[in-house]
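Protein sequence lines, in the order shown, are assigned to chains Z and P. Each residue of the first sequence is one higher than the one before, starting from 209 at the first, in the numbering used here. Each residue of the second sequence is one higher than the one before, starting from 348 at the first, in the numbering used here.
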Amino acid sequence: MNDAFEPKIVAFFCNWCTYLAADLAGTSRLKYAPNVRAVRVMCSGRVDPQFVLEAFAQGADGVLIGGCHPGDCHYQEGNYKALRRYELLRRLLNQLGIENDRFRLEWISAAEGERVKAVVNDMVEKVRALGPLVPHKREEVA
Amino acid sequence: MKPKIAFYWCASCGGCEEAVVDLDETLLSVADAAEIVFWPVALDFKVKDIQALPDGSILASFINGAIRNSEQREMVERLRAKSRVVVAFGICAQSGGIPGLANLSDTKSIFAEVYRDGVVPQMTHCENGHTLTLPEFFDAVETLDRVIDVDYYVPGCPPTPNIIRDAVNALLGADMPPKGAVLAPDKALCDECPRKDTRPEKLLVKEFKRVHQFIPDQQTCLLAQGAVCLGAATRAGCDARCIRGNMPCTGCFGPTSRVRDFGAKALSAIASVADCNEESSVVQVMNALPDPVGTFYRYSLPSALLSRRRKE
């Protein structure tokens with residue numbers, strides 16, 4: 209789109225894996241795109257689809273969910289629930305005109321600071337290429 | 348003097364009007380207790396009859412249907428001014444209903460589909476010095492409360508007789524419900540489901556099946572059998588009529604008060620019970636749900652957080 213466009217990505221990171229990985233990326237002084245607003249949740253399974261829709265409705269250009277690898281969930285199966293919801297929600301968002309690259313689910317363990325960097329940078333570039341998400345702005349009808 | 352009431356319809360199918368007629372003798376007692384001043388589907392009143400009334404002189408207007416064009420907007424604005432209470436009657440008025448699914452398209456694509464290469468109606472037309480006008484067709488469907496202030500909601504497609512009776516009694520009673528109330532029980536349909544006891548403690552579904560693909564057992568929890576039953580996300584009050592007819596709940600009573608976005612919650616409820624963990628099997632299981640918006644937002648797209656398809 210234009211050079212001035214900086215994508216806004218809302219990232220929901222689970223407390224036990226991905227948030228620690230982001231922390232590790234920080235203490236390791238890894239540099240990654242500053243476009244991500246990280247929200248710590250206790251588990252990727254805590255990410256209510258309403259949170260994702262709300263983020264898009266409020267102006268996010270992309271939403272990233274980070275959770276523990278399959279089998280590693282602190283709560284046994286929260287990440288599996290996240291995966292099932294993600295797959296269905298991704299399809300629903302497609303119907304509403306929101307592309308796959310704007311909504312991403314990644315498994316990132318506490319040791320994978322490098323992976324946070326790689327995923328975030330990759331997503332920011334893909335969303336940058338797509339351009340700003342301008343959801344239907346509801347003009348006041350009344 | 349009897350209190351005045353009015354009925355009006357906007358973008359709707361007429362089922363809500365039918366639901367009022369279905370009150371049978373109860374309707375006669377309503378007619379005894381109140382004076383019906385406007386009801387286009389059944390009685391011959393004109394717009395000028397409403398215009399002649401002083402502001403606030405109607406006790407309650409029951410408005411069904413979503414808002415789709417400028418004529419509907421004008422009428423509901425008029426009724427709002429004349430009424431002390433406005434009731435969004437039925438799920439179309441409350442959250443958009445079936446007509447709200449048109450928000451997956453816009454005016455341009457709808458007109459292209461409907462009129463093809465034929466004659467497209469214009470909003471004004473002059474013939475022998477007379478100007479004829481048509482209402483403006485809006486680009487998106489809106490809920491009633493996006494257009495005017497709404498006092499109460501009566502959900503359902505259509506509202507069931509018991510819900511209508513309870514709503515009318517609540518309005519005629521000494522204590523009016525708080526403004527903004529949905530006049531139906533604030534709990535999930537599963538709570539009043541006759542098959543409640545057959546719902547397993549840990550519900551897991553191997554595959555989802557659509558209603559034309561199988562005949563469910565008549566006693567067992569429909570969701571446990573793989574039917575996409577939205578009872579867990581839907582407000583109670585309908586007496587589980589569809590379930591009693593061996594059909595899964597499609598969510599026409601909308602959400603309970605704790606939920607902001609019905610479709611998101613319904614999707615969440617269905618996805619959570621899918622018995623699959625591998626990525627490939629998740630994809631396969633979800634393939635059985637080819638139309639998520641039509642399934643989860645069947646009655647509520649215009650009220651959703653993302654209320655329409657993004658414009659290209």
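Think of the CB as a built atom: it goes at the ideal place given N, C-alpha and C, for glycine as much as any other residue. Because the structure is a prediction, the values reported are computed rather than measured.
Separation of Ala-440(P) and Glu-554(P) (C-alpha to C-alpha, rounded to the nearest whole angstrom) is 34 Å. Contact between Ala-380(P) and Lys-349(P) holds, with the beta-carbon distance rounding to 7 Å and staying under 8 Å. In the three-state reduction of the DSSP assignment, Tyr-227(Z) falls in the helix class.
Contacts between Asn-624(P) and chain Z, judged by CB atoms closer than 8 Å, involve Pro-278, Glu-285, Tyr-288 and Leu-291 in chain order. Asp-513(P): member of the alpha helix (DSSP H) spanning 508 to 519, first to last residue. For Ala-428(P), same chain residues with a beta-carbon under 7 Å away, outside a window of 5 residues either side, are Asp-402 in chain order. Rounded to the nearest whole angstrom, the C-alpha separation of Asn-411(P) and Met-523(P) is 21 Å. Here Leu-375(P) is exposed. Its C-beta has fewer than 16 other C-beta atoms within 10 Å. The beta-bridge partner set that DSSP reports for Asn-411(P) consists of Trp-356(P). What Leu-232(Z) touches in chain P, judged by beta-carbon distance under 9 Å, is nothing: the nearest beta carbon there is about 25 Å away.
Burial is judged here by how many other beta carbons sit within 10 angstroms of a residue's own beta carbon; Asp-492(P) has at least 16 and is buried. Secondary structure at Tyr-240(Z): coil, using DSSP grouped into helix, strand and coil. For Phe-221(Z), the uninterrupted beta strand (DSSP E) segment begins and ends at 217 to 222. Those residues of the stretch 561 to 581 of chain P placed with their C-beta closer than 8 Å to a C-beta in chain Z do not exist. Counting along the chain, no beta strand (DSSP E) covers Asp-330(Z); the unbroken alpha helix (DSSP H) around it starts and ends at 321 to 338.
When Cβ-Cβ separations below 8 Å define contact, Asp-608(P) makes contact with chain Z. With respect to Ile-438(P), Gly-578(P) sits apart: the two C-beta atoms are not nearer than 8 Å. Of all residues in the stretch 423 to 438 of chain P, the ones placed with a Cβ closer than 9 Å to any Cβ belonging to chain Z are Glu-424, in chain order.
Contact of Pro-524(P) with chain Z by beta-carbon distance below 9 Å is absent, the smallest such distance being about 23 Å.
Straight-line measurement puts the Cα of Arg-591(P) at about 28 Å from the Cα of Leu-296(Z). Residue burial annotation: Arg-655(P) is buried, with at least 16 other C-beta atoms found within 10 angstroms of its C-beta. Within the stretch 435 to 505 of chain P, the runs of beta strand (DSSP E) that reach at least 3 residues and sit entirely inside it are, in chain order, 471 to 474, 477 to 480, 484 to 489 and 499 to 501. Proximity of the stretch 221 to 228 of chain Z to the stretch 249 to 263 of chain Z meets the contact definition, three or more beta-carbon pairs being nearer than 8 Å.
Rounded to whole angstroms, Pro-506(P) and Cys-585(P) show a C-alpha spacing of 8 Å.
Distance from the CA atom of Asp-371(P) to the CA atom of Asp-453(P), rounded to whole angstroms, is 40 Å.
Taking a Cβ-Cβ threshold of 9 Å, none of the residues of chain Z is close to Lys-556(P); the smallest such distance is about 16 Å. For Ala-337(Z), there are no C-beta contacts with chain P under 7 Å, since the nearest C-beta of that chain is about 16 Å from it.
By the neighbour-count criterion, in which a residue is buried when 16 or more other Cβ atoms sit within 10 angstroms of its Cβ, Asn-634(P) is exposed. Residue range 311 to 315 is occupied by the beta strand (DSSP E) that includes Leu-313(Z). Under the three-state reduction of DSSP, Gly-592(P) is assigned to coil, being neither helix nor strand.
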